[in-house]
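In terms of my numbering, the sequence shown opens at residue 79 and continues consecutively. Backbone N, C-alpha and C define an ideal beta-carbon position, used for all residues, glycine too.
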Amino acid sequence: MTPLLEMRSVSKQFGGLSAVTDLDIHVDEGECLGLIGPNGAGKTTAFSILMGELEPSSGSVHFRGGDITGLPTHRRVQLGIARTYQIPRPFGDMSVLDNVRVGAMPDSVMRLLIPDRATESEWNFLQTVGFTAREASMLPGQLSMGELRKLELARNLATGPRIMLLDEVFAGLTVAEIGQLTELLLQRKRDGMTYMVVSHDLKSLRPLVDRVVAISFGSAIAQGSFDAVLENPQVREAYLGQD
Numbered sequence: 079m080t081p082l083l084e085m086r087s088v089s090k091q092f093g094g095l096s097a098v099t100d101l102d103i104h105v106d107e108g109e110c111l112g113l114i115g116p117n118g119a120g121k122t123t124a125f126s127i128l129m130g131e132l133e134p135s136s137g138s139v140h141f142r143g144g145d146i147t148g149l150p151t152h153r154r155v156q157l158g159i160a161r162t163y164q165i166p167r168p169f170g171d172m173s174v175l176d177n178v179r180v181g182a183m184p185d186s187v188m189r190l191l192i193p194d195r196a197t198e199s200e201w202n203f204l205q206t207v208g209f210t211a212r213e214a215s216m217l218p219g220q221l222s223m224g225e226l227r228k229l230e231l232a233r234n235l236a237t238g239p240r241i242m243l244l245d246e247v248f249a250g251l252t253v254a255e256i257g258q259l260t261e262l263l264l265q266r267k268r269d270g271m272t273y274m275v276v277s278h279d280l281k282s283l284r285p286l287v288d289r290v291v292a293i294s295f296g297s298a299i300a301q302g303s304f305d306a307v308l309e310n311p312q313v314r315e316a317y318l319g320q321d
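Below, the structure is given as structure tokens:
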């Protein structure tokens, strides 16, 4: 089966520093892949390369079998790749609803100029992540971290993605918010969504993932089931600080 999204022998240097070295990662359609590793391992760099925010020094990125290495970020979004960030990046002067409308551009670009109630599809995105009508009119600065995470998901869902790259999606959330977000992600997965998830919160990551890749110093050191990877001696040493 052709992977949905794939990195082939990707390396990235910043001056004399290698952030990613000869990295091979693939995600199959309908799968949730966990990407783990210590701080500075190259996880966020890998996401930035997959989204076209960084160009690889060597190697290639493929989507549905086609080489997309040279495509800009907006074209990758149009193809069906979406990404969240460790620190949410909403448009602070726009309401929750208008932030979601931005995700649906360019089809709804003119709607940003015409104040109106949410369309059925926009309201579906808001309801999917648990926003109420009152919250839809709020500004991002009025939201909790958990609600900001939900806003990022709703805005990304509005782009019609086939795969979502989730970067530390559980960071800063309460136990209750983690439970709610996990159920939301699992429901979308049951509906056919594909994920790649970076997380230091292994307890929260475990129920989501079908497979895990561990990286250290920009290179993959283990991959397989969650339990098998966490029991790998190299992973325990590099990621958990155990011999």
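- In summary, residue 81 is buried, with 16 or more beta-carbon neighbours lying within 10 Å of its beta-carbon over all protein chains present.
- Judged by DSSP secondary structure, residue 86 falls within the beta strand (DSSP E) whose first and last residues are 83-92.
- Per DSSP, the continuous alpha helix (DSSP H) segment holding residue 223 begins and ends at 223-235.
- Between residue 255 and the set 266, 223, 269, 174, the nearest pair of CA atoms involves 223.
- Comparing alpha-carbon positions, the option among 162, 106, 138, 118 lying closest to residue 89 turns out to be 138.
- The three-state secondary structure of residue 119, taken from DSSP, is coil.
- With a 10 Å radius around the Cβ and a threshold of 16 neighbouring Cβ atoms, residue 306 comes out exposed.
- If you draw a straight line from the Cα of residue 276 to the Cα of residue 112, it is about 6 Å long.
- Residues of the same chain with a CB within less than 6 Å of the CB of residue 119, apart from the 5 flanking positions on each side, are 293, 294 in chain order.
- Counted as a single uninterrupted DSSP element, the alpha helix (DSSP H) harbouring residue 152 occupies residues 151-157.
- The beta-carbon distance between residue 181 and residue 154, rounded to whole angstroms, is 14 Å. This is too long to meet the 8 Å contact definition.
- Under the DSSP assignment, residue 99 falls in the beta strand (DSSP E) whose first and last residues are 95-105.
- A residue is called buried once 16 or more other Cβ atoms fall within 10 Å of its Cβ, and residue 95, having fewer, is exposed.
- The region 298-314 and the region 258-266 do not touch, with fewer than three beta-carbon pairs separated by less than 8 Å.
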